[in-house]
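Per numbering that gives the first Met the number 0, residue 0 is the first one in the sequence shown, and the count goes up by one each step.
Beta carbons: idealized from backbone N, C-alpha and C, even for Gly.
Written out below as structure tokens is the structure these notes cover.
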Amino acid sequence: MARKESLLNLRAILVKRRDALRSALAGDLSLLKELRSESPGDVIDAAYDSAQDEISSQLAEVESRELASIENALEQMKAGKYGQCEVCGGRIPMARLHALPYATMCIECQRELERSGGSGASHRSYGEEAGEETVSGELEN
0 MARKESLLNL RAILVKRRDA LRSALAGDLS LLKELRSESP GDVIDAAYDS
50 AQDEISSQLA EVESRELASI ENALEQMKAG KYGQCEVCGG RIPMARLHAL
100 PYATMCIECQ RELERSGGSG ASHRSYGEEA GEETVSGELE N
């Protein structure tokens with residue numbers, strides 16, 4: 000029962016963060032367009048604007064990746080695979096999910112991936128055949 004309640008709380012956190020990121024990204028992109036439409040004053044202003052655009056662009060990229068991870072986690076919840084490691088198929092501990100609600104791997108698999116120099120993006124299907132108990136069953140009960 001405690002895991003089910005925690006999962007429902009995590010879902011609410013993910014939805015809230017997703018909505019905040021969507022708003023922030025929409026604002027960042029419109030601000031970048033607005034800044035580009037204004038004509039720069041002198042060379043120093045142009046350099047400053049360029050640096051600001053680069054920083055804003057990098058922040059938007061990081062936020063966009065986080066948004067994609069959150070949307071993936073929400074899809075995993077719908078599919079009943081949330082909280083299941085995509086590599087080994089085991090359960091991701093609740094402590095890890097509370098720390099990183101869109102985690103897709105248990106700590107052991109994540110550490111192994113980092114030791115081998117991987118990023119994690121291409122390891123989504125490894126644990127899918129594991130047949131472990133799914134989260135949607137827990138959420139539906």
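Close-in-space but distant-in-sequence residues of the same chain around residue i (CB under 7 Å, 5 per side omitted)
i	result
leucine 96	Leu9, Gly82, Ala102
glutamate 65	Leu20
serine 68	Tyr101
arginine 114	none
isoleucine 106	Arg95
DSSP bridge partner residues for residue i (one or two, in chain order)
i	result
arginine 90	Gln83
Expected contact under 8 Å - CB spacing of residue i and residue j to nearest Å
i	j	result
alanine 72	leucine 13	6 Å
leucine 112	serine 63	The Cβ separation is near 22 Å, so there is no contact.
glutamate 70	arginine 17	7 Å
serine 5	methionine 76	Between methionine 76 and serine 5 the Cβ distance is about 12 Å, and since that is not below 8 Å, they are no contact.
glutamate 74	methionine 104	Contact flag wrong, Cβ pair sits at about 16 Å.
Residues of its chain near residue i, where Cβ-Cβ distance is below 8 Å and the 5 sequence neighbours each way are ignored
i	result
arginine 110	none
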